[in-house]
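These notes concern the structure reproduced below.
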Ligand code: AMP
Ligand code: GLY
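Residue numbers (my numbering): 1 to 431.
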């Protein structure tokens, strides 16, 4: 079978890497892919990003299964387009992807279905927003309603920061948020305390299959300092997600969400990612939904998956839905996997492109370099985006996986390379 992975980041490289291990996979195509997938004979890059053109290409090339990585193509309706033409694809429809693409939609959805989340209100009028913030006080959280590549959230520790966030989200839009219909809106919500974890499942519209747990590092600098990013590293499993927390997340968040979507007439298919805030008592609240796998969480999660990923995706997209997927059990490597992101100079605000990569290690059974912002220019790998690589390794404990990952990245160089030296620190603390 020929399979297509939509996207070109580290998450998609990991999808492709795992799919290429399936006996039934003949070729893995990535649209558009990256420099790392360009130089590897296991994959072929397809330089198409337009949804209709991609569907046409998939038909012409007899693609048996497509899996979507990023939120952009999902929000653009890639799943709807493929399905309308009888193509098998794993991901949520455009309507279901609103769980991520619109904070206002997802907060209203959670309120309607009694899913635990922070108290909030939605504003398009800056005067009302300023008034609300003044009334509630700090700390408080201001979120742009629209896709902002993980940069549309300001956790304001002071009122000044909150007011400034309202001004630039509803005003000059310096973050470049892709506003939803109806123009600029913000969600302002209660500040939640606790520890975050990433909780991901697969869904076929009715049945749910939980994936291994994970935790990522959102801040740029060691000790969780500096600006928010898309994620600077991740590991799986996350010890903070105890069996009890896991059961609560399934019962209180995931299952009511899938049921709620079905009830609202927008059945959920695809990966669903709940960002959890876990309090000291083991209570869970939903920080956000993503309608996709996390990046970089996917890289360590898939390194631990022993089951055949193609078979899992085929079961999840079986016409008529049901049995095969319902009965599936995933087999995980008992070791910990940990990935360290190497980011470009200037990330996250203005990542520089064109720096030459050197010293990439060859793949080992316990250490893999997944590419993201790389491109092949006249036979030379160069940086082309903010998060450049994710060096991912397995080890018998968080500490050993961490040591192996840092050893594997030791020889890699590009000018301006930034990375955290403490990926996994929370996991080490808990274990
Ligand atoms: P989001 O994109 O909604 O997940 O927000 C990005 C990050 O902002 C989260 O990973 C949290 O670290 C932080 N954050 C978001 N909402 C809240 C909240 N209500 N309370 C505390 N921190 C938050
Ligand atoms: N690493 C967080 C995310 O993918 O949204």
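From the three backbone atoms N, C-alpha and C, an ideal C-beta is built for every residue, glycine too. Here the structure is a predicted model, which means the values were calculated and not measured.
In terms of Cβ geometry, residue 205 and residue 269 form a close pair [threshold 8 Å]. With contacts defined as CB atoms closer than 8 Å, residue 46 and residue 30 qualify as a contacting pair. Contact holds between the segment 243-253 and the segment 275-291, because three or more Cβ pairs, one in each stretch, are under 8 Å apart. Checking the DSSP bridge columns, you'll see residue 198 partnered with 214, 275. By the criterion of a C-beta distance shorter than 7 Å, residue 225 is surrounded in its chain by 219, once the five residues flanking it on both sides are discounted. Taking 8 Å as the cut-off, the beta carbon of residue 232 is found closer than this to the beta carbon of residue 420. In the DSSP annotation of this structure, the continuous segment of the beta strand (DSSP E) that includes residue 7 starts and ends at 2-7. With contacts defined as CB atoms closer than 8 Å, residue 365 and residue 330 fail to qualify as a contacting pair. The alpha carbon of residue 274 has as its nearest neighbour, out of 266, 281, 297, 280, the alpha carbon of 297. With a cut-off of 8 Å on Cβ pairs, the segment 90-99 is not in contact with the segment 227-243, counting fewer than three such pairs. Going by DSSP, residue 82 is part of the alpha helix (DSSP H) stretching over 78-84. For residue 258, the enclosing alpha helix (DSSP H) starts and ends at 255-263.
According to the DSSP assignment, residue 37 belongs to no beta strand (DSSP E) but to the alpha helix (DSSP H) extending over 35-38. Shown here, residue 268 sits in coil according to DSSP, grouped into three states, outside any helix or strand. At a threshold of 7 Å, residue 275 counts as near the ligand AMP, since its beta carbon sits closer than that to one of the ligand's heavy atoms.
In this structure, residue 165 places its C-beta atom within 8 Å of the C-beta atom of residue 154.
CA-CA distance, residue 26 to residue 357, rounds to 30 Å.
Membership of residue 103 in the alpha helix (DSSP H) is indicated by the continuous run 103-112.
Inter-segment contact for the segment 207-215 and the segment 407-419 is absent: fewer than three beta-carbon pairs are separated by less than 8 Å. In the structure shown, residue 23 falls within a coil segment according to DSSP collapsed to helix, strand and coil. Scanning 96, 221, 196, 227 for the CA closest to the CA of residue 156 turns up 227.
In this structure, 317 is the residue among 394, 317, 426, 349 with its C-alpha nearest to the C-alpha of residue 328. Taking C-beta separations shorter than 7 Å and ignoring five residues to either side along the sequence, the partners of residue 187 in its chain run 103, 104, 107, 120, 122, 143, 145, following chain order.
Within the segment 319-352, the beta strand (DSSP E) runs of at least 3 residues that lie entirely inside it are, in chain order, 336-343. Secondary structure remark: continuous alpha helix (DSSP H) runs of at least 4 residues inside the segment 381-420, in chain order: 398-409. In this structure the segment 377-390 touches the segment 335-353; the number of beta carbon pairs closer than 8 Å is three or more.
Non-local C-beta neighbours of residue 33 in its own chain, meaning closer than 6 Å and more than five positions away in sequence, comprise 8, 45, ordered along the chain. Its Cα nearest to that of residue 368, the residue 300 stands out among 300, 190, 167.
According to DSSP, residue 367 shares a beta bridge with 364, 393.
With at least 16 other beta carbons inside 10 angstroms of its own, residue 80 counts as buried.
At least 8 Å separates the beta-carbon of residue 267 from that of residue 114.
Across the set 163, 223, 238, the C-alpha of 238 shows the shortest separation from the C-alpha of residue 200.
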